[in-house]
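Residue numbers (full-length UniProt numbering): 1 to 226. The beta-carbon is built from N, C-alpha and C at its ideal position, and this holds for glycine as well. Have a look at the structure below, then the notes.
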């Protein structure tokens, strides 16, 4: 770790979790990264990095952590340490309005677009039986869908909801389960992951995480839904 600093990565392409605001990133993940820095007594330093390369960047020590909406899964756990979840999410199917495609069963043999490096690629493959179409960000995939490309996009429910709020012509269909999102740290840095877990506990206890969530989503996504 750079002396006195907490260097964390996000993509800047995953509205409202991380997005460009002038020369800096803003969003839910960025606010969480800043709040964790504060609890650690360190200065926050954000690094914009392509989502597909962030886990490798953590492994290679290019930054201290990734606060980038990573779903905890077995494949990623081979490469990095994960904190306890800082929010709970879930993939959802999005289509153009009026599409004859609403459930997981309807995805068979359909062309699905996803973000490169996301856990949604495996879900898309599982249900469609074919390789998905890849984009650098979920937002760009949703825009392509609205413009007549592909049959569906599988992405985080909150990202799709945010796009619909911005009047993108897409429609939400079935949710495909719930996932746990966590901060990723190098396997060499067990002490940092413990400190981050303590910071997450403190941010939950003092209400900061809930406030950040309500700022972006008008609901608390930091607690597990039944």
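Boundaries of the alpha helix (DSSP H) in which residue i is found, first to last residue
{"i": "residue 201", "result": "190-205"}
{"i": "residue 213", "result": "208-217"}
{"i": "residue 35", "result": "28-40"}
{"i": "residue 54", "result": "54-59"}
{"i": "residue 187", "result": "Unbroken run through residue 187: none, as it is neither H nor E."}
{"i": "residue 84", "result": "First-last for residue 84: undefined, no H or E at that position."}
Limits of the beta strand (DSSP E) - the one that residue i falls within
{"i": "residue 175", "result": "171-175"}
{"i": "residue 224", "result": "First-last for residue 224: undefined, no H or E at that position."}
{"i": "residue 43", "result": "43-48"}
{"i": "residue 77", "result": "Premise fails: residue 77 lies in the alpha helix (DSSP H), 74-77, not in any beta strand (DSSP E)."}
{"i": "residue 11", "result": "Looking at the DSSP string, residue 11 is not in any beta strand (DSSP E), and its letter there is neither H nor E."}
{"i": "residue 15", "result": "That residue, residue 15, is in no beta strand (DSSP E); it is neither H nor E in DSSP."}
For residue j and residue i, believed in contact at Cβ under 8 angstroms, the rounded distance
{"i": "residue 47", "j": "residue 94", "result": "That pair is no contact at about 29 angstroms."}
{"i": "residue 150", "j": "residue 133", "result": "6 angstroms"}
{"i": "residue 174", "j": "residue 99", "result": "About 12 angstroms separates the two Cβ atoms, so there is no contact after all."}
{"i": "residue 158", "j": "residue 89", "result": "7 angstroms"}
{"i": "residue 81", "j": "residue 190", "result": "7 angstroms"}
{"i": "residue 105", "j": "residue 128", "result": "Going by Cβ atoms, the distance from residue 105 to residue 128 rounds to 11 angstroms, so no, they are not a contact pair."}
{"i": "residue 27", "j": "residue 92", "result": "With 8 angstroms as the limit, residue 27 and residue 92 do not qualify as a contact, their Cβ atoms being about 19 angstroms apart."}
{"i": "residue 113", "j": "residue 153", "result": "5 angstroms"}
{"i": "residue 76", "j": "residue 55", "result": "6 angstroms"}
Other residues of its chain near residue i: CB distance less than 8 angstroms, five sequence neighbours each side excluded
{"i": "residue 228", "result": "Given that the chain is displayed from residue 1 to residue 226, the structure contains no residue 228 and the question cannot be resolved."}
{"i": "residue 196", "result": "36, 40, 65, 83, 183 and 185"}
{"i": "residue 29", "result": "10, 14, 17, 18, 67, 68 and 69"}
{"i": "residue 72", "result": "82, 85, 179, 180, 181 and 182"}
{"i": "residue 198", "result": "39"}
{"i": "residue 97", "result": "169, 170 and 171"}
{"i": "residue 25", "result": "10, 12, 18, 19, 46 and 48"}
Same chain, Cβ closer than 7 angstroms to residue i, neighbours up to 5 away in sequence not counted
{"i": "residue 86", "result": "32, 181, 182, 183, 200, 209 and 222"}
{"i": "residue 163", "result": "139, 142 and 170"}
{"i": "residue 214", "result": "220"}
{"i": "residue 207", "result": "none"}
{"i": "residue 147", "result": "none"}
Contacts around residue i, its chain only, beta-carbon distance under 6 angstroms, and the 5 residues preceding and following it disregarded
{"i": "residue 20", "result": "12"}
Quick test of the definition: if touching needs 3 or more C-beta pairs under 8 angstroms, does the region 139-146 touch the region 58-69? no
Cβ contact check for the region 28-41 and the region 202-210: 3 or more pairs under 8 angstroms: yes
What residue ranges within the region 94-168 form continuous beta strand (DSSP E) runs of no fewer than 3 residues, ordered along the chain? 112-115, 133-135 and 152-156
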